[in-house]
Structures are given as structure tokens and as C-alpha cells.
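Okay, structure first, notes after.
Protein chains in written order, with the working numbering: chain A, 86 to 200; chain B, -6 to 102.
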């Protein structure tokens, strides 16, 4: 079956531009996560949705980062006024039911480069 | 604060040379330890979940074990296609996975 998909796969932005990254989770998955992965590092948690509710946004690095999942399926991570330190791979993951015990399945990521 | 430390950072093996990767953790209230494999340019691929000390899981040439302080990923008779970065993550009180930096494994023919 189809896994988690993300688009675009690559994004180059000039410093100060706004970007929007899309995630399509596995059909029927209730929980959706966003992570940021810098080169040579493990993924770092950004935010978590259960259906359309954003239950945890403690990992968002600044108020320039905003995520939404309005219909409980597709999610968008928006970064306003991008900075060079925002350059990273942004990973989306989904899991079937309650996130607390279930494994998370990851998409291929979006590589963001801010010039 | 929860911490996950993986060692070694990089490992080079000859095909058929068995070895182990280590994941040490300090968390208050472990609710799962997860192993993932990540190939270059791809997202992490789920391998195993372990919940309690003494638990073991196997998949092909990989076997994961868990104690109260660490987990090991044993690789038996590796093949070049096992080359990848192996990530360990823990879940404690929240929903997020807390990842280590990973071990980069290279298996040469």
C-alpha cells in the first residue's frame, strides 16, 4: 500500500521567503508528526497532531514555524521569513492510532535549502 | 532530560563479519525503544519496537535486545545491502520520539 508521501522533495528558498511543505499520511492514520533532521543528526521533534487537533507544538523552534492539519488528513508545515539555519530535511511521520505505543512510519522528507 | 547516545558513530565491516551497535538511554519512564534504518536521501524505515528489559526481536540478520539502560542491534553475517545509518529512538512521557545521532554502517564485499 501507499506510504507517507511528502512534497516537494526538494525546495530552495531565498532568505526571507515563505515556504510550505506538504505531507500526505498513510490512509486511516490518526496521528501525524513533523520532525527536522540536520545533516549528520537524528530527527528532532517539531509537532504532533491527533486527527485535526495539534496536541503538541513544543518542538517548533520559533513563531516563524506553523503547522496545520485542517481535515485530519493532509498536513502542511509553513515556515515564514526563512533563515539559513532553517536548512534541513523535514520529515513527516504517521501512526495508526494512539501515538503513545505505536511505531511511526516516515515519509521520504523534504530537503529545504535556504540561500 | 531524556538522552539517547549511540555508538560507534561509524562502523566498517567486511561482509560476513558480525557486530553490534549500541544505544544507551536515560529516560524517566520508558514507553518504547525504537530502531530505524535510514538510507541516504530517504526517510527512516521502521525495524523494531522494544518495551521492556529482556525483550528481544529478530528480523533476518538483525536482532535487537533491551536492558534497563541500553539496547543492542546485533548484525549477523552482514551483507553490503545492510549498509545504512541505524537510528535508535526512545519514547518517554510524551508523544515524540527522541532520536540518537545514529550509527553509520558500511559493509564491504
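Every residue, glycine too, gets a C-beta built ideally from N, C-alpha and C.
If you draw a straight line from the alpha carbon of residue 62 of chain B to that of residue 16 of chain B, how long is it in whole angstroms?
Sequence index remark: in the second chain, residue 62 of chain B carries index 69 (1-based). Sequence index remark: in the second chain, residue 16 of chain B carries index 23 (1-based). Taking the straight line from one Cα to the other gives about 9 Å.
Can you find a C-beta in chain D that's less than 9 Å from the C-beta of residue 18 of chain B?
Given the protein chain composition of this structure (A and B), no chain D is represented.
For residue 169 of chain A, which of helix, strand or coil comes out of DSSP?
Locating residue 169 of chain A in the first chain gives position 84, where the first residue counts as 1. Note: residue 169 of chain A maps to helix in three-state DSSP.
First and last residue of the beta strand (DSSP E) that includes residue 164 of chain A?
Residue mapping note: residue 164 of chain A aligns to position 79 of the first chain, counting from 1. 160 to 164 is the span of the beta strand (DSSP E), which, as asked, contains residue 164 of chain A.
Excluding the 5 residues flanking residue 107 of chain B on each side, which residues of the same chain have their C-beta closer than 6 Å to its C-beta?
Any property of residue 107 of chain B remains undetermined from this structure, which presents chain B solely from -6 to 102.
Compare the beta carbon distance of residue 173 of chain A and residue 189 of chain A with 9 Å and say whether it is the shorter of the two.
What you label residue 173 of chain A is simply residue 88 of the first chain in a count that begins at 1. What you label residue 189 of chain A is simply residue 104 of the first chain in a count that begins at 1. The answer is no: Cβ separation not under 9 Å.
Inter-residue Cα distance where the pair is residue 115 of chain A and residue 154 of chain A:
On the first chain, position 30 is the one that residue 115 of chain A refers to. On the first chain, position 69 is the one that residue 154 of chain A refers to. Cα-Cα distance, rounded: 11 Å.
Considering only their Cβ atoms, is the gap separating residue 167 of chain A from residue 102 of chain A smaller than 9 Å?
As a position in the first chain, residue 102 of chain A is number 17, starting the count at 1. As a position in the first chain, residue 167 of chain A is number 82, starting the count at 1. Yes, they are a contact pair.
What are the residues of the segment 32 to 43 of chain B that lie near chain A, defined by any Cβ-Cβ distance shorter than 7 Å?
35, 36, 37, 39, 42
With which residues is residue 51 of chain B paired in a DSSP beta bridge?
In the second chain, counting from the first residue as 1, residue 51 of chain B sits at position 58. B/56.
Based on the DSSP secondary-structure assignment, which residues constitute the bridge partners of residue 67 of chain B?
Position 74 of the second chain, counted from the first residue, corresponds to residue 67 of chain B. B/13, B/56, per the DSSP bridge assignment.
Residue 15 of chain B CB to nearest chain A CB: under 9 Å?
Indexing the second chain from 1 puts residue 15 of chain B at position 22. No, no contact with chain A.
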